[in-house]
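Q: Just so you know, we're using my numbering here: the sequence shown kicks off at 1325 and counts up by one.
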Amino acid sequence: MNKERFNQLSKEILDASITVHKEMGPGLLESVYELCLLKELALRNIYVEHQVPVPLFYKGEDLNKDFRIDILVEKEIIIELKAVDYILPAHEAQIISYLKLTEKKLGFLINFNVPLLKEGFRRFVNNF
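The structure is reproduced here in structure tokens:
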């Protein structure tokens, strides 16, 4: 995927997230936002998967620990959703870990429990 496509999808993800936030408002469960964002992205003809397992390998050995990506867009962009009062360093470490473990280049950490969604929208890159 080229940078132009990444940028186009990034704009769609932000716009779709704002749409969901305007429609649903803050204060709901993370799973509600996940399902709504999945639907909003699908309505825009964007291929999405959710709760995608990320296995953990160490020195070539599978450690039988799966992490889960909330939403994977076009098999390339990771979206980690939150509905919390504050984004903590552990939340940031989570998306950074997913980017490194999957060798994906771009991810978003989106907190829906904010008055304005742009306050809860963070972009993360990995060798991008």
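Note that beta-carbon positions come from the ideal geometry of N, C-alpha and C, so glycine has one too. Keep in mind the model is a prediction, meaning the values are calculated, not measured.
Exposed or buried, S1341, counting other C-beta atoms within 10 Å across all chains shown (16 or more means buried)?
A: Buried: at least 16 other Cβ atoms inside 10 Å.
Q: For the alpha helix (DSSP H) containing P1413, name the first residue and the last one.
A: Here the alpha helix (DSSP H) through P1413 covers P1413 to T1426.
Q: Assign R1392 to one of three DSSP states: helix, strand, or coil.
A: The answer is strand: DSSP assigns R1392 an E or B state.
Q: Leaving out five residues before and five after E1358 in sequence, what residues of the same chain have Cβ atoms less than 6 Å from its Cβ?
A: Cβ within range, chain order: D1394 and L1405.
Q: Determine the DSSP secondary structure at G1460, reduced to helix, strand or coil.
A: Given that the chain is displayed from residue 1325 to residue 1452, the structure contains no residue 1460 and the question cannot be resolved.
Q: Any idea what DSSP makes of R1329, helix, strand or coil?
A: In this structure, R1329 counts as helix in the three-state DSSP scheme.
Q: Going by Cα to Cα distance, which pick from D1409, Y1371 and A1417 is closest to F1391?
A: Nearest option by C-alpha distance: A1417.
Q: Identify, in the order they occur along the chain, each residue of the same chain with its Cβ nearer than 6 Å to the Cβ of E1373, setting aside the five sequence neighbours on each side.
A: Closer than 6 Å at the Cβ level, and outside the excluded window around E1373, lie L1396.
Q: Helix or strand or just coil, what does DSSP make of G1431?
A: G1431: strand per DSSP, three-state reduction.
Q: On the CB-based measure, 16 or more other CB atoms within 10 Å of its CB, does V1408 come out buried or exposed?
A: With fewer than 16 other Cβ atoms within 10 Å, it is exposed.
Q: Quick one: grab the DSSP three-state call for V1438.
A: If DSSP states are grouped into helix, strand and coil, V1438 belongs with coil.
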